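12 is the number of the first residue of the sequence shown in my numbering; add one for each residue after it.
Since the structure comes first, as structure tokens, the remarks are kept for the end.
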Amino acid sequence: MSHILRSGGHPVTGSGRSLLLGWSLFLIAGFTLAWHLEPDPRGYGTHQSLGLPPCTFRVLFNVPCPGCGMTTSFSHFVRGDVAQALRANAGGVVLAIVCVLQIPWCWWSAARGRLAGVADPTRFLLILVSVVAGICLLNWIMRLVAG
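This is how it looks when you write it as structure tokens:
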């Protein structure tokens with residue numbers, strides 16, 4: 012593994028480069044969509060402007076789910092309104108930051124043919140997903156306790 016660290020990251024094949032570029036375009040499309048959505052003033056429910064139903068968890072149990080407010084959070088985030096984004100869903104802000112950072116990282120990694128700074132992609136992804144999910148879960152618990 013030390014040879015991977017010395018060489019600057021895990022090697023990426025031609026199809027891996029295409030996947031990185033495709034993923035970055037998908038992220039850009041997601042941010043573009045968030046820009047076009049008007050954030051719901053309630054702090055959740057922005058996704059309904061896409062024709063999606065209200066949160067089933069909220070409808071059934073009258074409490075927000077861990078993802079409630081995530082679309083609204085992204086919509087505020089792309090407008091630079093981080094305070095409102097945090098109020099809507101703090102986990103959404105963390106996820107948005109991770110996504111923003113992934114875009115240039117994908118381009119840099121694709122150009123170099125190596126995952127920049129990542130020696131073990133599986134371990135890195137597991138840690139990243141665990142941290143983001145943990146923050147979302149903690150945010151949800153705090154929202155439930157606060158009422």
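Every residue gets a Cβ at the ideal spot worked out from N, C-alpha and C, and that includes glycine.
Bear in mind that the values here come from a model prediction, so they are computed numbers and not experimental data.
Residue i versus residue j - alpha carbon distance
i, j, result
"G19", "P64", "45 Å"
"A94", "V74", "22 Å"
"Y55", "W119", "35 Å"
"L137", "L106", "14 Å"
"I39", "P115", "11 Å"
For residue i, the three-state DSSP class (helix, strand or coil)
i, result
"P77", "coil"
"P115", "helix"
"M12", "Per-residue confidence for M12 stands at a pLDDT of 47, beneath the threshold of 50, marking its modelled position as unreliable; the derived number appears in the next sentence. Note: M12 maps to coil in three-state DSSP."
"R6", "Residue 6 is absent from the structure shown; the chain starts at 12 and stops at 158."
Beta-carbon contacts of residue i that lie in its chain and below 6 Å, excluding the five residues immediately before and after
i, result
"A45", "F85, S86, V89"
"T82", "T57, H58"
"W151", "P77"
"L31", "C117, S120, A121"
Residue i at chain B interface by Cβ criterion, 8 Å
i, result
"A127", "As a matter of chain content, chain B is missing from the structure shown, which is built from one protein chain."
Cβ shell of residue i (< 7 Å), same chain only, five flanking positions each side left out
i, result
"R154", "P75"
"L126", "G20, H21, V23, S120, P132"
Do the region 43-57 and the region 125-141 make contact, defined as three or more Cβ pairs closer than 8 Å? no
Tell me the start and end of each unbroken alpha helix (DSSP H) in the region 94-147 that is at least 4 residues and wholly inside, in chain order. The qualifying runs are 101-123.
Enumerated in chain order, which unbroken segments of the alpha helix (DSSP H) with a length of 4 residues or greater are wholly contained in the region 18-62? For the alpha helix (DSSP H) assignment, the uninterrupted runs of no fewer than 4 residues enclosed by the region 18-62 are, from N- to C-terminal side, 25-47.
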